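In what follows, a structure is listed as structure tokens, so that the remarks can point back to it.
In the UniProt record's numbering, the protein residues as written are 1 to 129.
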């Protein structure tokens, strides 16, 4: 373990490792929910998005776009016209609203709380050499 050679950085490196590991485990438990949203968006919007940016043309691009949206990048100016022009506009609107609430607000705040908790625990257990 080389972190002991850099005492000023060792606590920060330990926090990065711990938070990254816990984020991965936490996201792994919610991956099915994120993929379900991605396939729902793909199913509802893939034909409406052919000429524009094409994020819903394939399921893989829909998953990528959903992960980007999960981080808060909704691009509402590009997304909302597709909802309005969809034959399932009401369903798309409620699905998008549910996504914003569950994923962008609740899940990301849980991740932030997890990081704060991990950081607090590591700082409390840190020893000065």
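Every residue, glycine too, gets a C-beta built ideally from N, C-alpha and C. In this text, all values refer to a predicted model and were calculated from it rather than measured experimentally.
Check: Candidates 40, 69 and 65: which alpha carbon is nearest residue 107's?; Outcome: 69
Check: DSSP on residue 129, reduced to helix/strand/coil?; Outcome: Residue placement at residue 129 cannot be trusted, given a pLDDT of 36 that sits under 50; what the coordinates show is reported in the next sentence. Looking at residue 129 - three-state DSSP - the assignment turns out to be coil, as it is neither helix nor strand.
Check: Reducing DSSP to helix, strand and coil, say where residue 75 ends up.; Outcome: coil
Check: Threshold first: 3 residues or longer. Then list the beta strand (DSSP E) segments lying entirely within the UniProt domain "Ion transport" (5 to 125), N to C.; Outcome: none
Check: Decide if residue 98 is buried, meaning its Cβ has at least 16 other Cβ atoms within 10 Å, or exposed.; Outcome: exposed
Check: Throw me the rounded Cβ distance for the residue 114 and residue 26 pair, which I believe falls under 8 Å.; Outcome: 6 Å
Check: Please state whether the Cβ-Cβ distance between residue 34 and residue 67 is less than 8 Å.; Outcome: yes
Check: Tell me whether residue 190 is buried or exposed, calling it buried when 16 or more other Cβ atoms sit within 10 Å of its Cβ.; Outcome: Since the first residue of the chain shown is 1 and the last is 129, residue 190 is not available in this structure.
Check: Let me confirm a value: residue 92 is counted as buried when at least 16 other C-beta atoms fall within 10 Å, else exposed. Which label applies?; Outcome: buried
Check: Is residue 47 buried or exposed, if buried means 16 or more other CB atoms sit within 10 Å of its CB?; Outcome: exposed
Check: Short of 6 Å in beta carbon distance, which residues of its chain neighbour residue 110, apart from the five on each side in sequence? Order them along the chain.; Outcome: none
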